[in-house]
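Quick note: to get this note's numbering, add 1 to the position in the sequence shown (first position is 1). Yeah, the Cβ is synthetic: ideal placement off N, Cα and C, and Gly gets one too.
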Amino acid sequence: MSAACPSCTAPVGADDRFCEACGQDLRPPPRWLSTTVRGEGCAFCGHDTVGADGYCERCGRRAAPGRGRTELLLGPAAAVTDRGHHRRRNEDAAAVGLAGGAVAAIVCDGVASTQRADDAAHAAVDTGMDTLLRQLARGEPPAAATARAFRDALTAVSALVRPDDHASPPSCTYVSAVAGDDGTVTIGWAGDSRAYWLAAGTDGSDRLTVDDSLAGRLAMAGVEVNPDEGSALVRWLGADAGTVEPHVVVFRPDGPGLLLLCSDGLTRYAPDAATLAGAADGSPAATARRLAQLALDAGGQDNVTVVVIALSPGTGPAGTRPHPQGETTRELRP
Numbered sequence: 002m003s004a005a006c007p008s009c010t011a012p013v014g015a016d017d018r019f020c021e022a023c024g025q026d027l028r029p030p031p032r033w034l035s036t037t038v039r040g041e042g043c044a045f046c047g048h049d050t051v052g053a054d055g056y057c058e059r060c061g062r063r064a065a066p067g068r069g070r071t072e073l074l075l076g077p078a079a080a081v082t083d084r085g086h087h088r089r090r091n092e093d094a095a096a097v098g099l100a101g102g103a104v105a106a107i108v109c110d111g112v113a114s115t116q117r118a119d120d121a122a123h124a125a126v127d128t129g130m131d132t133l134l135r136q137l138a139r140g141e142p143p144a145a146a147t148a149r150a151f152r153d154a155l156t157a158v159s160a161l162v163r164p165d166d167h168a169s170p171p172s173c174t175y176v177s178a179v180a181g182d183d184g185t186v187t188i189g190w191a192g193d194s195r196a197y198w199l200a201a202g203t204d205g206s207d208r209l210t211v212d213d214s215l216a217g218r219l220a221m222a223g224v225e226v227n228p229d230e231g232s233a234l235v236r237w238l239g240a241d242a243g244t245v246e247p248h249v250v251v252f253r254p255d256g257p258g259l260l261l262l263c264s265d266g267l268t269r270y271a272p273d274a275a276t277l278a279g280a281a282d283g284s285p286a287a288t289a290r291r292l293a294q295l296a297l298d299a300g301g302q303d304n305v306t307v308v309v310i311a312l313s314p315g316t317g318p319a320g321t322r323p324h325p326q327g328e329t330t331r332e333l334r335p
């Protein structure tokens, strides 16, 4: 039984992306999931009513935008976020989405030294994912959509500032990924949340981002430095971040594997790609849980967030895309 175009009723095939008669877009509408709690009351005590001031009327604590632990599963993407063993709040956030043939993900880590860091992380992932999928659905190239989503996320986080926040306004890090149906992967970031390619074989796994810290910059220059002595961020999202554009890289994997986005709650214990690839456990959901548990078993000092996307791309050379700051993106070949 043949399908019909919802716009003009002309016959269309199961694999058709557009109606040949009227041009109607036949791809499914964008869908996405987020770790943000919506309309579920207080995440601490479960009370239904949170006052207009943002505090729970039962336990008196500020309502949290996310829960202590959340798991998401959407298509080939899975996410796990956990408060860890020593933090009172989970200040990480994540979102995964689908737009046409593309899979998208965002991870944000609230900067703990700032006010309402959890609000910043959730505002960034929700605004960023909404913009990212909308732009992709409109046919925007992934690199341009990535930059636009980042800017909108920055605006959303900056808008959270209150008169008494000027010393430490809400802030977070940001890393996003778009795995397109053309086999390319586009990464955008600011801060020290990271992206990795975990190849299915024994070789080819690689870290795809460079931390926006003094240690990260020195490492890029070939200077060995103790990461613990140069971990302070030099770029982030927040009202005091100034003019910030995302770093953007585009690459084409040579074969199947897993794309990993994560907060530093994981990478403080397992910073190298080979270790992370060794912990991969088949499906995205199983791998996300296993990597999160790795961090918890190692001490769980910080919130930990892991997003895993399974990819089976074809081979071919990676192209380059314009960098938002006028540079050419690096060509990465895991």
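- Here the segment 201-213 makes no contact with the segment 159-166; the two share fewer than three CB pairs at distances below 8 Å.
- A direct Cα-to-Cα measurement between Thr156 and Pro170 gives close to 13 Å.
- Here DSSP, grouped into helix, strand and coil, assigns Pro285 to helix.
- Look at Arg149 here: in three-state DSSP terms it is helix.
- The C-alpha of Ser284 lies about 17 Å from the C-alpha of Cys263.
- Inclusion of Ala180 and Val104 in the CB contact set at 9 Å is warranted, their separation being smaller than that value.
- Considering only Glu72, Ala125, Gly76, Gly140, the residue with the shortest C-alpha distance to Asp26 is Gly140.
- Restricting attention to Gly266, Ala196, Met130, Asp303, the CA atom closest to the CA of Arg32 is found in Met130.
- The residue among Val108, Val81, Thr36, Ala4 with its C-alpha nearest the C-alpha of Leu297 is Val81.
- Boundaries of the beta strand (DSSP E) around His248: 248-252.
- For Ala118, the enclosing alpha helix (DSSP H) covers residues 118-138.
- For Gly258, the enclosing beta strand (DSSP E) begins and ends at 258-263.
- At a Cβ-Cβ threshold of 9 Å, Ala124 and Leu161 count as neighbours.
- Within 10 angstroms of the beta-carbon of Phe19 lie fewer than 16 other beta-carbons, which makes it exposed.
- With a cut-off of 8 Å on Cβ pairs, the segment 268-276 is not in contact with the segment 249-260, counting fewer than three such pairs.
- Annotation: the continuous alpha helix (DSSP H) that includes Ala278 extends over 274-279.
- When secondary structure is reduced to three states using DSSP, Ser8 falls in the coil class, being assigned neither helix nor strand.
- The Cβ neighbour count for Pro7, taken over all protein chains shown within 10 Å, is under 16; the residue is labelled exposed.
- Its chain contains Leu73, Leu75, Ala96, Val97 as the residues whose beta carbon lies nearer than 7 Å to that of Leu34, once the 5 sequence neighbours on both sides are disregarded; these appear in chain order.
- Shortest Cα-Cα distance from Thr174 to any of Ala65, Trp198, Thr71, Thr115 involves Thr115.
- Around the beta-carbon of Ala154, 16 or more other beta-carbon atoms lie within 10 Å, marking it buried.
- Glu72 has Val81 as its beta-bridge partners, per DSSP.
- The Cβ atoms of Ala94 and Thr306 sit closer than 9 Å to each other.
- The straight-line gap separating the alpha-carbon atoms of Val112 and Pro12 is approximately 53 Å.
- For Trp198, the enclosing beta strand (DSSP E) has its first and last residue at 195-200.
- Between the alpha carbons of Leu292 and Tyr197 lies a distance of about 13 Å.
- Thr10 and Leu99 have their C-alpha atoms spaced approximately 26 Å apart.
- Here Ala121 really is in contact with Leu238; their C-beta atoms are around 7 Å apart, less than 8 Å.
- About 6 Å separates the beta carbons of Asp119 and Pro66, which is inside the 8 Å limit, making them a contact pair.
- Apart from the 5 residues on each side of it in sequence, Arg84 sits with its Cβ closer than 8 Å to the Cβ of Gly69, Arg70, Arg90, Asn91, Asn304 in its chain, given in chain order.
- Beta-bridge partners of Cys173 (DSSP): Gly111, Leu238.
- Per DSSP, Ser206 lies in no beta strand (DSSP E) segment and is marked neither H nor E.
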